[in-house]
Amino acid sequence: MFDIERWQEIFQTLSKNKLRTILTGVSVASGIFIFIVLLGFSTGVQNGVKEKFSGDATNKISVRAGRTTKQYKGLNPNRRIQLKNEDLDNISNTYGDYLEYKSGGYSNWGAQLVYKNEFGNFYIRGVDPDYQFISKASITEGRFINQGDINEARKVIVVSNKTKTELFKGKSPIGEMVSVKGVNFKVVGVYGDPGGEREESQVFIPLTSAQIAFNGGTNIRDMSFTVAMSDNFDEAVAFSQNLVASIESDLKTKHTIAPNDRSALRIDNTLEKAQKIYSLSDMIKAIFWFVGIGTIIAGIVSVGNIMIIIVKERTKEIGIRKALGAEPLSIIAMILQESIFVTMFSGLFGLVIGLGLLEFVGPTIESDFIKYPQVDFYTALITVFILVAAGTLAGFIPAYRAAKIKPIVALKDE
Amino acid sequence: MIKITDLHKSYKMGHNSLHVLKGIDFHVKEGELVSIMGSSGSGKSTLLNILGMLDEADTGSYVLDGVPIKDLNEKIAAQYRNKFLGFIFQSFNLINYKSALDNVALPLYYQGLKRKERMEKAEHYLEKVGLAPWSHHLPSELSGGQKQRVAIARALASDPKVLLADEPTGALDSKTSYEVMDLIQGINDEGKTILIVTHEDDIAHMTKRIVNLKDGVIIDDSKVEQVRAKQNV
Numbered sequence: 073m074f075d076i077e078r079w080q081e082i083f084q085t086l087s088k089n090k091l092r093t094i095l096t097g098v099s100v101a102s103g104i105f106i107f108i109v110l111l112g113f114s115t116g117v118q119n120g121v122k123e124k125f126s127g128d129a130t131n132k133i134s135v136r137a138g139r140t141t142k143q144y145k146g147l148n149p150n151r152r153i154q155l156k157n158e159d160l161d162n163i164s165n166t167y168g169d170y171l172e173y174k175s176g177g178y179s180n181w182g183a184q185l186v187y188k189n190e191f192g193n194f195y196i197r198g199v200d201p202d203y204q205f206i207s208k209a210s211i212t213e214g215r216f217i218n219q220g221d222i223n224e225a226r227k228v229i230v231v232s233n234k235t236k237t238e239l240f241k242g243k244s245p246i247g248e249m250v251s252v253k254g255v256n257f258k259v260v261g262v263y264g265d266p267g268g269e270r271e272e273s274q275v276f277i278p279l280t281s282a283q284i285a286f287n288g289g290t291n292i293r294d295m296s297f298t299v300a301m302s303d304n305f306d307e308a309v310a311f312s313q314n315l316v317a318s319i320e321s322d323l324k325t326k327h328t329i330a331p332n333d334r335s336a337l338r339i340d341n342t343l344e345k346a347q348k349i350y351s352l353s354d355m356i357k358a359i360f361w362f363v364g365i366g367t368i369i370a371g372i373v374s375v376g377n378i379m380i381i382i383v384k385e386r387t388k389e390i391g392i393r394k395a396l397g398a399e400p401l402s403i404i405a406m407i408l409q410e411s412i413f414v415t416m417f418s419g420l421f422g423l424v425i426g427l428g429l430l431e432f433v434g435p436t437i438e439s440d441f442i443k444y445p446q447v448d449f450y451t452a453l454i455t456v457f458i459l460v461a462a463g464t465l466a467g468f469i470p471a472y473r474a475a476k477i478k479p480i481v482a483l484k485d486e
Numbered sequence: 099m100i101k102i103t104d105l106h107k108s109y110k111m112g113h114n115s116l117h118v119l120k121g122i123d124f125h126v127k128e129g130e131l132v133s134i135m136g137s138s139g140s141g142k143s144t145l146l147n148i149l150g151m152l153d154e155a156d157t158g159s160y161v162l163d164g165v166p167i168k169d170l171n172e173k174i175a176a177q178y179r180n181k182f183l184g185f186i187f188q189s190f191n192l193i194n195y196k197s198a199l200d201n202v203a204l205p206l207y208y209q210g211l212k213r214k215e216r217m218e219k220a221e222h223y224l225e226k227v228g229l230a231p232w233s234h235h236l237p238s239e240l241s242g243g244q245k246q247r248v249a250i251a252r253a254l255a256s257d258p259k260v261l262l263a264d265e266p267t268g269a270l271d272s273k274t275s276y277e278v279m280d281l282i283q284g285i286n287d288e289g290k291t292i293l294i295v296t297h298e299d300d301i302a303h304m305t306k307r308i309v310n311l312k313d314g315v316i317i318d319d320s321k322v323e324q325v326r327a328k329q330n331v
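Just so you know, the sequences run in chain order A and B.
The first sequence runs 73 to 486 under our numbering.
The second sequence runs 99 to 331 under our numbering.
In structure tokens, the structure reads:
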């Protein structure tokens with residue numbers, strides 16, 4: 073392989089047969105190039121889709137109570153189930169290790185928010201500090217509800233960008249007083265929600281304040297949690313389903329609800345919704361891989377084809393070389409070394425061009441559905457090696473046959 | 099140099115078997131210039147191919163320079179061809195993308211010589227056939243006679259024991275043929291053993307011995323008065 077004499081011989085052959093060399097090179101390089109670009113855009117589309125749908129926490133569990141529909145342990149149906157602070161505390165104590173964020177919620181009405189002469193309908197929600205992360209609200213001014221607010225049941229409120237525009241006409245609302253059902257709250261923060269307008273119709277006050285101000289006692293309307301995401305999506309789904317199941321059974325035991333009563337306790341797991349997005353992006357990935365692999369196969373076939381033609385064209389030359397004392401092995405080695413060199417060189421060339429295109433053109437693409445197209449360098453490199461290996465194999469068969477040709481047959485005058 | 103005893107060769111053509119060589123006994127001493135004659139189908143090319151290890155005999159023995167040529171695998175055959183034999187073909191069989199010099203150097207490449215040494219030797223043999231000024235020309239830029247000279251230089255390059263020429267003048271006009279024969283005679287004068295297959299009488303009479311083949315057997319094997327090609331040029 074590192075025989076300099078043989079390399080000289082090969083370079084001479086390649087440079088004296090430029091057209092053949094270039095054609096082989098172009099077909100390999102373009103195959104790899106197309107593959108890289110496809111793979112890059114597949115990643116881009118996946119990134120785009122993920123970002124598009126990442127508005128809501130993808131691992132959110134929410135628990136809501138309703139009325140029983142089934143008779144259970146001597147209790148009548150149509151009994152109202154009321155969640156309490158202690159339910160949240162119990163769950164936090166039992167499953168604290170698996171839950172990332174947790175928050176109770178007390179908010180069963182839409183109410184008017186009044187600021188001076190302006191007013192608007194908003195959904196007032198008493199929450200815990202963690203809710204900021206559960207709802208993926210991003211603070212644009214001031215701060216969110218904190219633990220101090222909860223402990224002291226302060227009358228503070230976090231309004232949305234929408235509120236700021238509608239009630240405060242765009243000026244900073246921090247420090248201003250607003251009233252909800254006659255109770256005054258001081259604005260401490262403004263949040264924005266990636267989900268847009270609809271989500272921004274909520275305003276947040278501390279859970280404890282909501283319970284006191286609106287005579288809720290220790291009642292809570294709902295609970296939300298997020299589950300720490302594991303890298304493997306299916307694992308995350310399975311894990312959070314298990315978690316949901318045990319939380320459900322705990323609560324049902326405590327509130328004496330029939331295990332099969334679905335409307336008394338509603339537990340939603342948004343991870344299942346996220347799964348659909350993930351499987352969509354998996355699907356896109358699969359399609360691009362399918363097309364990409366098709367391209368590679370086409371590349372292999374065309375390299376193989378070219379090799380067969382090259383060997384056919386060189387039959388006489390091979391005969392001459394054999395008559396002059398070339399051993400069969402040296403004929404095979406010559407043809408293979410040539411083909412490996414050409415496919416490797418042009419494959420890497422196509423790789424560099426493809427990666428270069430993604431590197432320089434990728435960031436300039438302005439589309440919601442294509443973001444950061446890129447290719448894992450090792451995947452790309454492995455592809456080149458696969459193509460080279462397959463091209464070599466495709467070349468080996470005709471080369472082997474050529475080496476077996478008797479010189480007398482090869483030299484026969486046409 | 100060459101000892102052939104009771105050589106048989108037949109080819110299978112579908113269901114029929116064609117018996118081409120029917121017991122050839124044939125000896126060539128060192129320094130001989132022998133022509134093998136015969137009409138087409140007489141088996142002369144088959145004989146040459148067997149002598150050249152391009153083909154194998156069915157039965158009989160072939161000893162070349164004391165080495166029995168028998169049951170050769172491809173690798174050994176290639177090595178023997180490289181070491182013992184130089185080929186000259188009717189259609190020259192030069193590699194068309196290589197220059198005259200590179201063509202001559204090719205057998206030396208398969209002998210494992212370094213490039214510099216190859217080029218020096220190749221240049222020497224090109225000079226010997228009078229083509230030094232054309233060393234960097236491609237075969238397509240050379241005339242038929244020049245091509246055959248390149249082929250002869252190539253056959254000589256590996257310094258073989260025997261030169262085998264298959265109708266070396268078959269594709270050339272008579273003037274060029276005599277020039278080529280003159281070159282071959284010159285090489286023979288230096289002591290090289292040469293076998294020529296031809297069907298031309300005048301070419302045959304420029305050798306020292308004519309072997310006549312007919313229907314796979316030698317019907318005549320006699321020494322002749324050599325006609326020097328130079329007289330005809």
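All C-beta atoms in this analysis are idealised placements derived from N, C-alpha and C, irrespective of residue type, glycine included.
Taking residue i and residue j to be in contact with their CB atoms under 8 Å, please state how far apart those CB atoms are, rounded to whole angstroms.
| i | j | result |
| --- | --- | --- |
| K156 of chain A | I292 of chain A | 7 Å |
| L162 of chain B | L262 of chain B | 11 Å between Cβ atoms; not a contact. |
| P470 of chain A | V383 of chain A | 4 Å |
| S273 of chain A | Y203 of chain A | Not quite, the Cβ-Cβ distance comes to about 15 Å (not below 8 Å), so this is no contact. |
| S233 of chain B | A198 of chain B | 5 Å |
| G264 of chain A | T212 of chain A | 5 Å |
| R252 of chain B | E130 of chain B | Actually they are not in contact, since the Cβ atoms of R252 of chain B and E130 of chain B sit about 22 Å apart, beyond 8 Å. |
Look up residue i in the DSSP assignment and say whether it is helix, strand or coil.
| i | result |
| --- | --- |
| P278 of chain A | strand |
| A129 of chain A | Residue placement at A129 of chain A is poorly supported in this model, since its pLDDT is 42, which falls under 50; the coordinates still yield a value, given next. Of the three classes helix, strand and coil, the one that applies to A129 of chain A here is coil, per DSSP. |
| N171 of chain B | coil |
| S220 of chain A | Here residue 220 of chain A turns out to be Gly, not Ser, going by the sequence shown. Residue state, collapsed to three classes: helix. |
| P231 of chain B | helix |
| N89 of chain A | coil |
Against chain A, does residue i count as a neighbour if the rule is that its beta carbon must be under 8 Å from one of theirs?
| i | result |
| --- | --- |
| Q177 of chain B | yes |
| M218 of chain B | Checking the displayed sequence, the identity of residue 218 of chain B turns out to be Glu instead of Met. It does not; no Cβ of chain A falls within 8 Å. |
| L152 of chain B | yes |
| R247 of chain B | no |
| P205 of chain B | yes |
| K214 of chain B | no |
| N114 of chain B | no |
| E221 of chain B | no |
| I134 of chain B | no |
Is the CB of residue i under 8 Å away from at least one CB in chain B?
| i | result |
| --- | --- |
| P470 of chain A | no |
| K478 of chain A | yes |
| A474 of chain A | no |
| I404 of chain A | no |
| K90 of chain A | no |
| E81 of chain A | yes |
| L396 of chain A | yes |
| I392 of chain A | yes |
| E385 of chain A | no |
| E410 of chain A | no |
In the DSSP assignment, what are the bridge partners of residue i?
| i | result |
| --- | --- |
| N193 of chain A | A:Q184 |
| P149 of chain A | P149 of chain A is not bridged to any residue. |
| S134 of chain A | A:S296, A:D340 |
| P166 of chain B | B:V161 |
| F107 of chain A | According to DSSP, which records beta bridges pairwise, F107 of chain A is partnered with nothing at all. |
| F124 of chain B | B:I102 |
State buried or exposed for residue i, treating a residue as buried only when at least 16 other CB atoms are found within 10 Å of its CB.
| i | result |
| --- | --- |
| L430 of chain A | buried |
| M111 of chain B | exposed |
| P266 of chain B | buried |
| Y187 of chain A | buried |
| G127 of chain A | Because G127 of chain A sits at a pLDDT of 49, beneath the cut-off of 50, its placement in the model cannot be relied upon, and the following sentence gives the value as read from the coordinates. Its Cβ having fewer than 16 others within 10 Å, G127 of chain A is exposed. |
| N114 of chain B | exposed |
| R334 of chain A | exposed |
| E128 of chain B | exposed |
| F360 of chain A | buried |
| I106 of chain A | buried |
| E225 of chain B | exposed |
| E486 of chain A | Model confidence at E486 of chain A stands at a pLDDT of 48, short of 50, so the residue's coordinates are unreliable; what they give is reported in the following sentence. The residue in question, E486 of chain A, is exposed, as its Cβ has fewer than 16 Cβ neighbours within 10 Å. |
| D169 of chain B | exposed |
| A327 of chain B | buried |
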